[in-house]
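Student: For reference, the structure I am asking about is given below.
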Amino acid sequence: MMITEGCYPSPAIFNSLVHAYCKSGDYARAYKLLKKMPKCGCQLGYVVYNIFIGSICGIQEMPDMSVLELAGRRIRNCLIQGLY
1 MMITEGCYPS PAIFNSLVHA YCKSGDYARA YKLLKKMPKC GCQLGYVVYN IFIGSICGIQ
61 EMPDMSVLEL AGRRIRNCLI QGLY
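Numbering follows UniProt numbering, with no gaps: position 40 of the sequence shown is 40.
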């Protein structure tokens, strides 16, 4: 609804939605949101990756291995940001 009205959600809203979907066990929907974020002008950050990957690792299930490839692109940046 927001997007059809020309109002794009912020990264914080996407993070909250991804967290809610993961908490309810709907990982497919959470992953769809991850893929939609860049299309809506939101940069994928370490917060949303921590939410998504932490949730999946918590249940020891990987629905799609491409999430590791996606996360691998950000790991170096997350480590560097954590150092400073």
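For every residue, glycine included, the Cβ atom is placed at its ideal position computed from N, Cα and C.
From a predicted model like this one, the values you see are computed outputs, not experimental measurements.
Extract the residue ranges of the alpha helix (DSSP H) inside the stretch 14 to 60, only unbroken runs of 4 or more that lie entirely within it.
Tutor: Listed in chain order, they are 27 to 36, 46 to 58.
Student: Considering only C-alpha positions, which residue in the set P38, G41, C40, N15 is nearest to A30?
Tutor: Position 30 of the sequence shown, counting from 1, holds the residue named residue 30. Looking at the Cα atoms, N15 is the closest of the given residues.
Student: To the nearest angstrom, report how far apart H19 and F52 are at their CA atoms.
Tutor: As a working note, residue 19 is residue 19 in the sequence shown. As a working note, residue 52 is residue 52 in the sequence shown. Cα to Cα, the separation comes out at about 7 angstroms.
Student: Measure the beta-carbon distance from L17 to L33 and round it to whole angstroms, keeping in mind my assumption that it falls under 8 angstroms.
Tutor: Start at 1 with the first residue of the sequence shown, and residue 17 comes out as number 17. Start at 1 with the first residue of the sequence shown, and residue 33 comes out as number 33. 6 angstroms between Cβ atoms; contact.
Student: Which of the three DSSP states, helix, strand or coil, is assigned to P11?
Tutor: Residue mapping note: residue 11 aligns to position 11 of the sequence shown, counting from 1. Three-state DSSP puts P11 in a helix.
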